[in-house]
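As structure tokens, the structure follows; a few thoughts come after it.
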Ligand SMILES: [Zn+2]
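Residue numbers (UniProt numbering): 1 to 943.
Okay, structure coming up:
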């Protein structure tokens with residue numbers, strides 16, 4: 001298959017730079033796409049009405065298209081074929097460009113019609129980009145550059161047009177024909193075929209184009225907008241799955257209502273469609289009025305989806321819907337601006353989920369993810385700013401930095417401007433830019449103009465500088481003057497993107513702070529007594545409306561001192577409340593163990609209470625690792641020595657006692673149980689490795705494991721009591737609900753089971769867990785029991801039996817079986833080795849297929865990210881396995897392969913022997929002439 005791999009040698013891949021941006025010389029007034037879908041091949045006729053921009057009459061007409069994938073059957077200007085001497089394929093660009101000589105176009109800049117006819121085989125398209133087939137149905141994925149696998153067209157986001165789509169296909173095989181906008185006509189054709197005509201009245205770039213043709217079932221509902229318009233809502237899925245769409249439908253309605261209330265944004269068409277497909281590279285895609293979803297993010301029943309799946313579905317359905325305004329109505333000028341739509345939309349979906357559930361728990365979860373994954377990216381050779389300055393393949397820049405850090409930047413606008421000021425800013429942004437393709441600078445300008453008198457200029461530097469800043473916070477109490485001062489200093493790390501040496505400039509960092517009275521545990525009133533006392537400072541402070549116990553310190557310089565007056569005795573500072581900026585915080589002198597325990601007990605900010613427990617656990621584990629491992633040491637400490645290093649720590653006893661109290665509160669339900677589950681879920685290997693780098697990951701894993709085990713043993717009475725209470729409450733319940741109370745209870749129960757597995761001190765627990773797996777009434781309970789059995793050191797027989805039962809039950813379900821694959825990937829040591837079990841599972845065609853990215857992500861990704869002993873095995877076998885999998889996948893689906901290449905880019909985190917092994921695999925991948933996507937990641941990771 002010629003299309004399957006890019007024919008260019010990787011070394012010819014070129015870098016594209018933001019500074020080279022030039023507007024497209026032509027406007028596309030409208031475009032009509034006619035699809036003739038056949039079993040052998042598909043023919044697409046694209047007819048565009050175009051005109052040169054007044055300043056660029058006489059410019060060549062450059063069209064993007066992949067020559068190795070499509071056959072160009074014909075090209076016309078105003079119904080006349082373009083002679084071949086006036087039409088050339090540009091062989092230098094990696095995705096071929098078709099260049100039409102201006103001599104073929106009207107010389108006076110008049111309007112003309114471009115006709116392009118292409119032919120290709122969607123059924124052979126394993127890239128899952130452009131038009132392809134999933135389970136026998138046609139579907140599309142055009143973001144970022146998939147449209148160029150459909151026809152020759154200016155495939156760039158700043159070319160916006162009105163699309164009409166005509167789809168012709170066999171009526172029996174493909175009764176459902178969908179595209180963007182409104183259905184304006186349909187009819188039967190000769191030969192058992194039929195046709196549908198869709199018109200989307202809103203101008204859009206081609207990356208938002210979508211088409212679906214297939215035999216799909218549908219659920220229907222409706223939503224009445226704030227102005228009384230009725231919108232028909234439809235979710236399409238395969239017939240066997242159609243009973244699993246109700247939760248996604250309810251989520252969609254909640255999202256539509258929330259966007260009206262919070263942002264004043266109303267839906268703009270009479271119809272909104274969602275289609276669930278099994279074969280999909282990403283999570284979901286916000287195509288105008290025809291969202292296409294990875295079916296894992298639509299389908300849910302209590303029997304098939306965990307509470308985490310439910311919350312992901314609610315979040316992603318909302319995210320894609322919110323794109324209708326942030327992304328579709330106002331879109332990106334170029335792909336460097338990806339965070340314009342993604343950072344803003346992630347912020348919006350985070351806020352939506354916070355309003356639907358527990359705000360503090362949502363925030364903690366988001367920060368945990370940001371720190372574990374995005375901070376690691378920021379510290380790696382792949383570090384790049386929220387608005388990258390260059391790329392080779394834009395597919396590689398759908399990153400945590402663009403999405404999650406981008407959302408944090410938006411959150412800082414919100415913190416600095418307040419809810420009201422933020423809303424004024426977004427109102428102005430939509431008013432100014434509706435129907436346009438714009439930049440992050442335009443967004444900044446709207447926010448800034450809507451809030452005159454509020455200088456947020458240095459917030460812009462977050463878009464152009466990579467790396468995670470560290471904020472040091474020096475605290476000092478003056479008992480005589482009764483003042484308390486905090487000196488904040490920002491330290492911006494060197495990153496490979498700016499040549500390493502160019503000095504970085506100050507970023508505006510909002511640091512939300514409270515002072516807690518050390519005697520009463522209550523917040524001091526800080527609303528009126530703080531001032532900036534460093535000379536010449538541009539930093540300021542602003543009160544927090546409705547919260548006299550907090551103030552936002554706006555660090556606008558490299559360093560500034562903030563002084564609180566009238567402080568009667570030395571308080572405990574609560575710095576970076578709610579994680580008000582995506583930074584690493586270092587308080588000096590560091591908070592003592594007693595101060596952390598005080599914070600855990602008293603801080604009014606639930607984030608910092610959680611943080612106190614995390615910090616204590618992290619410090620105990622780091623000290624234990626440092627005392628049992630050092631650079632050059634090749635032999636691991638014994639389990640007993642690692643355990644001893646943990647329990648002999650001076651803070652251990654107090655820490656365990658505080659946690660026992662939290663368990664008791666959770667059992668009697670006087671605290672938010674979801675918060676408890678977060679508070680007692682301590683940092684894992686990935687996050688500790690970042691702190692201790694370079695380090696032997698197995699030495700870290702050993703301490704983490706012993707920490708859990710000792711913690712579980714020390715708290716076993718409290719854990720058992722907590723588990724028993726939750727179990728009894730759950731047994732007494734009637735209806736299964738995905739609400740806050742039930743979800744929190746199930747998550748706490750699952751947490752207790754995981755600790756019972758980690759304690760692993762007898763057959764009793766093993767049989768309790770096996771019984772729990774057998775008796776589970778829903779997927780949340782099943783996964784909790786299987787996960788716990790996976791950790792139990794002596795329950796092999798029970799574990800294998802439970803895993804096999806699960807596999808037999810769900811082998812024909814492409815979604816649920818991914819849960820099984822993730823669990824297998826997390827095997828921590830049963831059987832010959834974790835890797836052997838993963839390999840055996842991969843060879844089992846009844847559960848695994850390379851063609852379904854979800855399965856690849858669950859099994860291979862789960863192993864590389866979540867299985868420390870297997871992936872980081874000292875003999876390098878885990879690395880060889882990942883490289884083999886990447887090379888195999890890269891041949892057919894470069895986007896999916898590149899998404900799992902990340903573990904190799906983090907080689908610098910590990911000890912010297914592992915660095916050598918990982919670099920060996922990177923070299924091997926590069927020598928195999930990988931796709932441009934893989935080439936970019938691998939070469940940059942060596943930088
Ligand atoms: Zn998005």
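Glycine included, C-beta positions come from ideal geometry on N, C-alpha and C.
Open item on the list: Given the structure, does residue 286 come close to ligand 1, in the sense that its CB is under 7 Å from one of the ligand's heavy atoms?
Closed with: yes
Open item on the list: I need the boundaries of the alpha helix (DSSP H) containing residue 844, first residue and last residue.
Closed with: First-last for residue 844: undefined, no H or E at that position.
TODO: Determine the burial state of residue 239: buried for a count of at least 16 other Cβ atoms within 10 Å of its Cβ, exposed for fewer.
DONE: exposed
- [ ] Give the single residue among 782, 789, 783 and 743 whose Cα lies nearest to the Cα of residue 759.
- [x] 789
Open item on the list: Looking at ligand 1, does it come within less than 7 Å of residue 947, judged from the CB to the closest heavy atom?
Closed with: Since the first residue of the chain shown is 1 and the last is 943, residue 947 is not available in this structure.
- [ ] Could you tell me which residues DSSP pairs with residue 188 in its beta bridges?
- [x] 194
Open item on the list: For a test of your reading of the model: does the CB of residue 351 fall under 7 Å from any non-hydrogen atom of ligand 1? Yes or no.
Closed with: no
TODO: Give the straight-line distance between the Cα atoms of residue 885 and residue 133, rounded to the nearest whole angstrom.
DONE: Rounded to whole angstroms, residue 885 to residue 133 spans 23 Å at the Cα level.
TODO: Return the chain-ordered ranges of every alpha helix (DSSP H) run that is complete within the region 734 to 806 and spans a minimum of 4 residues.
DONE: Listed in chain order, they are 740 to 759, 763 to 775 and 779 to 791.
TODO: Consider the C-beta atom of residue 342 and the heavy atoms of ligand 1; say whether any pair is separated by less than 7 Å.
DONE: yes
TODO: Determine contact between the region 736 to 751 and the region 686 to 701, defined as no fewer than three beta-carbon pairs at a distance below 8 Å.
DONE: no
Task: Test item: CB-CB of residue 488 and residue 559 under 8 Å - done: yes
TODO: Could you check which residue in 30, 623, 46 and 639 has the C-alpha nearest to that of residue 964?
DONE: Any answer about residue 964 is impossible in this case: the structure gives the chain only from 1 up to 943.
TODO: Within 10 angstroms of the Cβ of residue 726, are there 16 or more other Cβ atoms? Answer buried if so, exposed if not.
DONE: buried
Open item on the list: Any heavy atom of ligand 1 closer than 7 Å to the beta-carbon of residue 630?
Closed with: no
Task: Residue range of the unbroken alpha helix (DSSP H) whose run includes residue 927 - done: 912 to 927
Open item on the list: Bridge partners for residue 448 per DSSP, in chain order?
Closed with: DSSP lists no partner for residue 448.
Open item on the list: Helix, strand or coil for residue 818? Go by DSSP, reduced to three states.
Closed with: DSSP places residue 818 in helix when its eight states are reduced to three.
Task: residue 203 versus 27, 299 and 175, residue with shortest Cα-Cα distance - done: 27
Task: As assigned by DSSP and simplified to three states, the class of residue 414 - done: helix
Task: Secondary structure of residue 505, DSSP reduced to three states - done: coil
Open item on the list: Using only CA atoms, which one of 813, 697, 850 and 796 lies nearest to residue 876?
Closed with: The candidate whose alpha carbon is nearest that of residue 876 is 697.
Open item on the list: When you compare the CB positions of residue 663 and residue 719, do they come within less than 8 Å of one another, or not?
Closed with: yes
Open item on the list: If I follow the unbroken beta strand (DSSP E) through residue 276, where does it start and stop?
Closed with: 271 to 277
Open item on the list: Considering only their Cβ atoms, is the gap separating residue 232 from residue 222 smaller than 8 Å?
Closed with: With respect to the 8 Å criterion, residue 222 and residue 232 are classified as neighbours on the basis of their beta carbons.
- [ ] Below 6 Å CB to CB, which residues in the same chain sit around residue 820 once its five sequence neighbours on both sides are set aside?
- [x] Excluding positions up to five away in sequence, the list reads 806 and 807.
- [ ] In the DSSP assignment, find the unbroken alpha helix (DSSP H) run with residue 521 in it and report its ends.
- [x] Here residue 521 belongs to no alpha helix (DSSP H), and DSSP marks it neither H nor E.
Open item on the list: Please state the DSSP three-state secondary structure of residue 463.
Closed with: helix
Task: Under the three-state DSSP convention, the category residue 345 falls into - done: helix
Task: Through-space distance from residue 314 to residue 308, alpha-carbon basis - done: 10 Å
Task: C-beta atoms of residue 86 and residue 103 nearer than 8 Å - done: yes
Task: Assigned secondary structure, residue 945 (DSSP; H/G/I helix, E/B strand, else coil) - done: Shown here, the chain extends from 1 to 943; a query on residue 945 therefore has no answer.
- [ ] Give the C-beta separation of residue 837 and residue 816 to the nearest angstrom, bearing in mind that I take them to be a contact with Cβ-Cβ under 8 Å.
- [x] Going by Cβ atoms, the distance from residue 837 to residue 816 rounds to 19 Å, so no, they are not a contact pair.
TODO: Would you identify the three-state DSSP class for residue 678, choosing helix, strand or coil?
DONE: Of the three classes helix, strand and coil, the one that applies to residue 678 here is helix, per DSSP.
- [ ] Quick one: give me the first and last residue of the beta strand (DSSP E) that residue 64 is part of.
- [x] 61 to 64
Open item on the list: Contact defined as beta carbons within less than 8 Å: I believe residue 574 pairs with residue 614. What is the distance between those atoms, to the nearest angstrom?
Closed with: With a Cβ gap of about 14 Å, residue 574 and residue 614 do not count as contacting.
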